[in-house]
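Chemist: One line per chain: the protein sequences are A and B, in this order.
For what it's worth, our numbering labels the leading residue of the first sequence as 30, then goes sequentially.
For what it's worth, our numbering labels the leading residue of the second sequence as 2, then goes sequentially.
Every residue, glycine too, gets a C-beta built ideally from N, C-alpha and C.
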Amino acid sequence: MTETVSPRRLRVVFVLFACATLLLSLRVGYWQTIGRVDLLEGATDQVRSDLVVAAQRGAVRDRNGALLATTVPLLSLYALPKRVADHADAAARLAPILGTTSEAVRATLDSGAEWLYLRRRLPEESAKAIELLRIAGLGFETEPKRLYPNDTVGAHVLGFVNDDGVGQYGVEGAYDALLRGVPGRLVVERDPRDRELAIGLRTARAPVNGTDLTLTIDLVIQTALERELKAAMEKEKATGGSGVILDPRDGAILALASYPTYDPSAVAKADPQSLMDRATSWTYEPGSTMKPFTIAAALDQHVVTPNTTYVDKGCAVIGGRQLCNALGKVYGTSTVTQILEHSANAGAVFVAQKLGAEQLHAYLEAFGFGAKSGVDLTGEAAGDVRPLAEWYPVDLGTIAFGQGIAATPLQLAAAYAALANGGTLYRPYVVAARRDADGEHRTAPVAVRRPVSPETAAALRAMLIASVDNGIASGASVAHFSVAGKTGTAQIPSDDGRYLDDAYISSVAGFAPANDPRFVAVIVLERPQSKLLGTVTAMTAFRNIAQDALRSMRLQPDRP
Amino acid sequence: MIASQAVRAAPVRRAVHPRPRHAARATRRGARAVARRSGTTWEVRTFVAVSAAIAFVFVLAMLYLAQTTAVSARGYEAQRLEQSLNETRRQNALLEVENARLDAPARIDAEARKMGLVRLATIPVVQLEPLPVTTAKR
Numbered sequence: 030m031t032e033t034v035s036p037r038r039l040r041v042v043f044v045l046f047a048c049a050t051l052l053l054s055l056r057v058g059y060w061q062t063i064g065r066v067d068l069l070e071g072a073t074d075q076v077r078s079d080l081v082v083a084a085q086r087g088a089v090r091d092r093n094g095a096l097l098a099t100t101v102p103l104l105s106l107y108a109l110p111k112r113v114a115d116h117a118d119a120a121a122r123l124a125p126i127l128g129t130t131s132e133a134v135r136a137t138l139d140s141g142a143e144w145l146y147l148r149r150r151l152p153e154e155s156a157k158a159i160e161l162l163r164i165a166g167l168g169f170e171t172e173p174k175r176l177y178p179n180d181t182v183g184a185h186v187l188g189f190v191n192d193d194g195v196g197q198y199g200v201e202g203a204y205d206a207l208l209r210g211v212p213g214r215l216v217v218e219r220d221p222r223d224r225e226l227a228i229g230l231r232t233a234r235a236p237v238n239g240t241d242l243t244l245t246i247d248l249v250i251q252t253a254l255e256r257e258l259k260a261a262m263e264k265e266k267a268t269g270g271s272g273v274i275l276d277p278r279d280g281a282i283l284a285l286a287s288y289p290t291y292d293p294s295a296v297a298k299a300d301p302q303s304l305m306d307r308a309t310s311w312t313y314e315p316g317s318t319m320k321p322f323t324i325a326a327a328l329d330q331h332v333v334t335p336n337t338t339y340v341d342k343g344c345a346v347i348g349g350r351q352l353c354n355a356l357g358k359v360y361g362t363s364t365v366t367q368i369l370e371h372s373a374n375a376g377a378v379f380v381a382q383k384l385g386a387e388q389l390h391a392y393l394e395a396f397g398f399g400a401k402s403g404v405d406l407t408g409e410a411a412g413d414v415r416p417l418a419e420w421y422p423v424d425l426g427t428i429a430f431g432q433g434i435a436a437t438p439l440q441l442a443a444a445y446a447a448l449a450n451g452g453t454l455y456r457p458y459v460v461a462a463r464r465d466a467d468g469e470h471r472t473a474p475v476a477v478r479r480p481v482s483p484e485t486a487a488a489l490r491a492m493l494i495a496s497v498d499n500g501i502a503s504g505a506s507v508a509h510f511s512v513a514g515k516t517g518t519a520q521i522p523s524d525d526g527r528y529l530d531d532a533y534i535s536s537v538a539g540f541a542p543a544n545d546p547r548f549v550a551v552i553v554l555e556r557p558q559s560k561l562l563g564t565v566t567a568m569t570a571f572r573n574i575a576q577d578a579l580r581s582m583r584l585q586p587d588r589p
Numbered sequence: 002m003i004a005s006q007a008v009r010a011a012p013v014r015r016a017v018h019p020r021p022r023h024a025a026r027a028t029r030r031g032a033r034a035v036a037r038r039s040g041t042t043w044e045v046r047t048f049v050a051v052s053a054a055i056a057f058v059f060v061l062a063m064l065y066l067a068q069t070t071a072v073s074a075r076g077y078e079a080q081r082l083e084q085s086l087n088e089t090r091r092q093n094a095l096l097e098v099e100n101a102r103l104d105a106p107a108r109i110d111a112e113a114r115k116m117g118l119v120r121l122a123t124i125p126v127v128q129l130e131p132l133p134v135t136t137a138k139r
């Protein structure tokens, strides 16, 4: 006996199936038309990754190609704590490699985070040791790290890169836009193992790597400068110090140092005071190292000659005030050349009175004092040469020997370079060339102006040689080479406008070989312990630096 | 028997000459008869044709799949090589930094001091005696 299905039931079932089919068709139709975009986006989001491809920051090298700064991808250790089977065991094995306690590592793993960094930018040896442990749930990814192979050497020239990858201070700051490059973009589809699909979607815009820079810095001379400056600082227990070495032929900075200093790889640990570049951002009253410019102005204006004589009575009266030589010395009848040899303040006042305030002011400006030199480093100070209208009569006298005026060590070095090279003031610069995809672009030296004639510059060179050979700057002499130079012991102004009695700034400025100068050096020590004798230490530093520089440059001796 | 063979062979011999319509119909009927005798019906022929088409498409699909898989495999291989290249470049950069560290004048200076070497107080200059003037003699 067979059961028959009633036609009515069949019709109902048919209608139900027909309705279901219709609904499904409509739904499919919706997803294929109106909802297609959403569906597609949802699907592609699961397999597509859109990444910013970081550009490689440009490297920095010295004039001979020695590496000063570069960016290297280092390995950062991350953890997926849920996948680490035994937190205590993992912490105990990791702690000695990471240089921390197992409790600290355990606490990090137990923090409840899904994903976390255990240590960022590991040293290569540590990363290899951790890799050998083969702990499940740990992994590495690369992160760029700026490295400075010479540690603290050249820190103030180079500057540093902060955690956000932005260059600050020095060359890193001044040339950040060039060094940083332009990041690229990569859109790819990935498989479940996070590998790029070879036949999937791929849109790429390649990053433009940062420009490589070649500096004018000579690493050998830079190292010598920092070594001698540090030794002088430690000997004198000075509170600060700075040094600049320039090539007088074009204004290229061969070395630049500032103390206290810092390690650009570990800026977080640095004293904020140490970040200041005292060679370019700090001003001081230069003292007697300014006398050559007073005399140069007077020679250029033909109001005196190197052999013009005056009677030195130990003090000079100007503007109703008496300005005396250091230690109250009296030199009697002296020539203008001997003013530099003795560093006679009264003599400088005599020359300034012959010259006049207006001319002295004009020459100081012409030598670049009171304005930024335009060096390609961040944070340069302009110094201070007050407007002529604000000068008191006594200012003509004090400024003649370097008080009542403020300058940076770099400005002083640039001005001495003008005397050394025959009278042309060059803009100091530190980037010799930059190299990008278009090739190398060299920096052209900039001659700013000619403050004095070549004849005046030559006369000053001879007077400064005499200052080293016969005068107060004899400690700066170098055997078998002619050296020109001048010392300076400046008082430090106090907050009430007077000068401190027991604190000085000792400095020396000079160049060698004096007959064909290849470098100008300025060394400054702040508050040396030996006070007035701080210049002796500064001269020793100058001599040692000069010897290293002359040796490094392989120059032939110009004296027997 | 011989006569019937002669009849079957006759159309082949006449193929070079025009034939009347009734002769062509007779030929098709003859062919069907042959097919019936050999067992190849139109269903079989259709089946064979469709199977051949499916097999052709299958082969094409397999070829495409093989090619795609090969491209994909090459892609993964390229990625692996790229990763290897990047790691080599990274190691090279680290070595360059290490080289720069070892070449640093400050490090060499410190090592020299450890070895007891002393910096020269002055730059040594070797004064050469002028060469004696000699005349050529025969």
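(1) Along the segment 213-224 of chain A, what residues have a CB closer than 7 Å to any CB found in chain B?
(2) What's the call for A/S78, buried or exposed, on a 16-neighbour Cβ count within 10 Å?
(3) Which residues does DSSP list as the beta-bridge partners of A/Y291?
(4) From what residue to what residue does the alpha helix (DSSP H) around A/Q520 run?
(5) Beta-carbon of A/E153 versus every beta-carbon of chain B: anything under 8 Å?
(6) Within 8 Å (strictly less), CB to CB, does B/P106 reach chain A?
(7) If you measure from the beta carbon of B/Y65 to each beta carbon in chain A, is any gap under 8 Å?
(8) Could you run through the segment 85-96 of chain A and flag, in chain order, every residue whose CB is less than 7 Å away from some CB of chain B?
(9) I'd like to check one pair, A/N374 with A/N354: are the Cβ atoms closer than 8 Å?
(10) Where does A/R527 fall in DSSP's three states?
(11) Distance check for A/L151 and A/L103, CA to CA, integer angstroms please.
(12) Should A/L425 and A/Q388 be called a contact, given that it needs their Cβ atoms to be closer than 8 Å?
(13) Using the rule of at least 16 other Cβ atoms within 10 Å of the residue's Cβ for burial, across every protein chain shown, is A/F548 buried or exposed?
(14) Report the neighbours of B/E97 on chain A: residues whose CB is nearer than 8 Å to its CB, in chain order.
(15) Between the C-alpha atoms of A/V182 and A/R350, what's the straight-line distance to the nearest angstrom?
(16) Is A/L439 near A/A308, with beta carbons less than 8 Å apart?
(17) Would you mind telling me which residues of chain A sit closer than 9 Å to B/Q80, beta carbon to beta carbon, in chain order?
(18) Count the other CB atoms, across all protein chains shown, that sit within 10 Å of the CB of A/H390; report buried if there are 16 or more and exposed otherwise.
(19) Compute the Euclidean distance between the alpha carbons of A/P480 and A/A447, then round it to the nearest angstrom.
(20) Leaving out five residues before and five after B/A10 in sequence, what residues of the same chain have Cβ atoms less than 8 Å from its Cβ?
(21) Of all the options B/I109, B/A107, B/T136, B/R102, which has the alpha carbon lying nearest to the alpha carbon of A/Y177?
(22) So that I know if they touch, is there some Cβ in chain A lying closer than 8 Å to that of B/V134?
(23) Anything in chain A within Cβ reach of B/R75, meaning under 9 Å, just list it in chain order.
(24) Mind listing the chain A neighbours of B/R46? Cutoff is C-beta to C-beta under 7 Å, in chain order.
(25) Taking Cβ positions only, does B/A62 come closer than 8 Å to chain A?
(26) Output yes or no for whether 8 Å exceeds the beta carbon distance between A/V378 and A/L356.
(27) Determine the direct distance from the alpha carbon of A/R224 to that of A/D115, and round the result to whole angstroms.
(28) Taking B/R114 as the query, report the chain A residues whose CB atoms sit under 8 Å from its CB, ordered along the chain.
(29) Going by beta-carbon coordinates alone, are A/G348 and A/V414 separated by less than 8 Å?
(30) For A/H185, decide whether its Cβ has a neighbour in chain B, counting only Cβ atoms nearer than 8 Å.
(31) Does B/T89 have its Cβ less than 8 Å from a Cβ in chain A?
(32) Along the chain, where does the alpha helix (DSSP H) containing A/D67 start, and where does it finish?
(33) Rounded C-beta distance between A/A260 and A/P557? I'm assuming under 8 Å.
(34) Among A/G196, A/N238, A/V200, A/V217, which residue has its Cα nearest to the Cα of A/V211?
(35) What separation, rounded to the nearest whole angstrom, lies between the Cα atoms of A/G269 and A/G433?
(36) On a CA-only basis, which of A/V537, A/M582, A/A400, A/L244 is nearest A/S472? Give me that one, please.
Modeler: Here's the rundown:
(1) R224
(2) exposed
(3) The partner list for A/Y291 (beta bridge, DSSP) is empty, contrary to what the question assumes.
(4) Premise fails: A/Q520 lies in the beta strand (DSSP E), 513-522, not in any alpha helix (DSSP H).
(5) yes
(6) yes
(7) no
(8) A95, L96
(9) yes
(10) coil
(11) 6 Å
(12) no
(13) buried
(14) L96, T99
(15) 46 Å
(16) yes
(17) R224, E225, A227
(18) buried
(19) 8 Å
(20) Residue confidence is low: B/A10 scores 45 on pLDDT, short of 50, so the model does not pin down where it sits. Its coordinate-derived value is still stated next. So the list is empty, once near-sequence residues are dropped.
(21) B/R102
(22) no
(23) A227
(24) Those within 7 Å of B/R46 in chain A number zero; the least Cβ separation is about 37 Å.
(25) no
(26) no
(27) 29 Å
(28) Within chain A, no residue comes near B/R114; the closest Cβ sits about 11 Å away, beyond 8 Å.
(29) no
(30) no
(31) no
(32) 65-76
(33) That belief does not hold up - the Cβ atoms of A/A260 and A/P557 are roughly 13 Å apart, past 8 Å.
(34) A/N238
(35) 21 Å
(36) The sequence shown places Thr at residue 472 of chain A, rather than the Ser named in the question. Nearest option by C-alpha distance: A/L244.
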